[in-house]
Every structure is written in structure tokens, then in C-alpha cells.
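Only one structure is covered here, and it is reproduced in the block below.
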Amino acid sequence: MPAVRHDIRGSVPWPASLYLDASVLMGAYKVGMGGGDSREKAAAAFLAGIPGHCEAWTSLLAIEETCWAALKRPLRDAANKRHLSIPDLKRRHPPDYTQAYAIGRGRTAPLMAFLKGLSISLREPSAPASRQEQARRAACFLVRQMMNTYELEMADLFHIAFAKLDGTNAIATLDKGYLDVDGLEVFTVP
């Protein structure tokens, strides 16, 4: 059964549990900082409407992805200006690297404050302490299965595995690749 798409710009049937992908979190953050395109503005409005409708949650992986994007963008821009990779920028032009890194670090503090202010929980696939290793193996097994079926980035496959292991089939994302995954409810902007 192909994925069911729900347009987050309108009224949606709220699931009991909703996993938030890093793209939705980053999009809403950009809007909060005064930027963002129409898709990101729709994501911000959608996140604002979640409280009271469903349990929204995300994983440590999504938080890490979001923070890394905020930190890495200034480094990538500085490296691109000199036609270098980020490691080469650090080696050959330390002042440029240091300045870009400081800009990125300056963005992570407001980002973390923004993420803490959202009405979402942070969790990984639930398992008792004695079964944590089994949960990790189950996530890796699901990812390996999906790698052969879907053309998604590795992080996206782990997002899907975390959601499925928790019993959640609903994912909010701005990535279009999730629409190819069988059995998901994808909350997105077409």
C-alpha cells in the first residue's frame, strides 16, 4: 500500500502519534528567524497547531541533523567561496574557518531554545534497558531492508525505522522521498 499524503496547509486528520523529521524542524526554525519559503512557513504553522491534537515526537538523530545543518551551512558557504572542502578551509585558511564556525555556533543556541519551546517529546524506540540492544538491532535490520527497496538517504531510513519501531506510521516532513514508502502517512507540502 503506497504512502498516504496529507497536505499540512489545510485541515488534516490528526494521528495519535506523529514523528517529526529534521526538515520540518529546520523549516519552522528558519521561519522563526525571519526567513523561510512557503513550504517552511506551512511547516511552522503546522507545528504551531499540533498541541492538543496529537502526540508529536522526534528522535535525537533529527535534533542532531537540525543542529548540524545550522552549524555546517556557514562553513560550507565559506569553503565554497574559496572553492575548497571544509577540511581544506580549516587547514589552509584558519581565520575564515574560525569566523564561519563562530557564525554557526551562534545559530545553534537560538535553535536549541526554539526546539525546547516546541510541544514535542524527544525519544528513541522504546524498549526496557535489558532489550535496548535488541531495539538497536531491529532498527538496523529495518534500515537494511528498506535500503534495498527505497532510494532514501540513510538518515531518512533511520527516521522511518525509529517511527515504525515505536508503532508510529505518521511522519511530518518536507522531504518528498517519504511518499514512496509503503504504509506511511506522510504529512507534507506537495
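All the letters of the sequence shown, read from the start, carry residue numbers 1185 to 1374 under the working numbering. Virtual Cβ for every residue (Gly too), placed ideally from N, Cα, C.
A straight line joining the alpha-carbon of N1353 with that of H1267 spans about 42 Å. Taking the CA atoms as reference points, F1371 sits about 39 Å from L1273. Scanning its chain for C-beta atoms nearer than 6 Å, with the 5 sequence neighbours on each side dropped, one finds around S1305 the residues W1241, in chain order.
Just so you know, the alpha carbons of R1275 and M1331 end up roughly 36 Å apart.
By DSSP's assignment, L1273 forms no beta bridge with any residue. Straight across, the Cα-Cα distance linking D1359 with Q1283 is about 31 Å.
Using a 10 angstroms sphere on the CB of G1233, the tally of other CB atoms stays under 16, which defines it as exposed. Taking all protein chains shown into account, E1335 has fewer than 16 neighbouring C-beta atoms within 10 Å of its C-beta and is therefore exposed. Spanning the alpha carbons of E1317 and K1265 requires a straight line of approximately 44 Å. Look at the stretch 1190-1253 and you find these whole runs of alpha helix (DSSP H), each 4 residues long or longer: 1206-1216 and 1222-1232. The C-alpha of P1197 lies about 20 Å from the C-alpha of K1225. Contact between T1357 and D1205 holds: their C-beta atoms lie close to 4 Å from each other, under 8 Å. Contact between A1228 and G1220 holds: their C-beta atoms lie close to 7 Å from each other, under 8 Å. Annotation for I1287: the continuous alpha helix (DSSP H) segment containing it runs P1278 to G1301. Looking only at L1202, R1260, K1300 and A1263, the smallest Cα-Cα distance to H1237 is reached by L1202.
In the three-state DSSP reduction, V1365 falls in the coil class, being neither helix nor strand.
About 7 Å separates the beta carbon of G1211 from that of R1223, a gap short enough to meet the 8 Å contact definition. For the options L1302, L1295 and K1348, the alpha carbon positioned closest to that of A1319 is the one of K1348.
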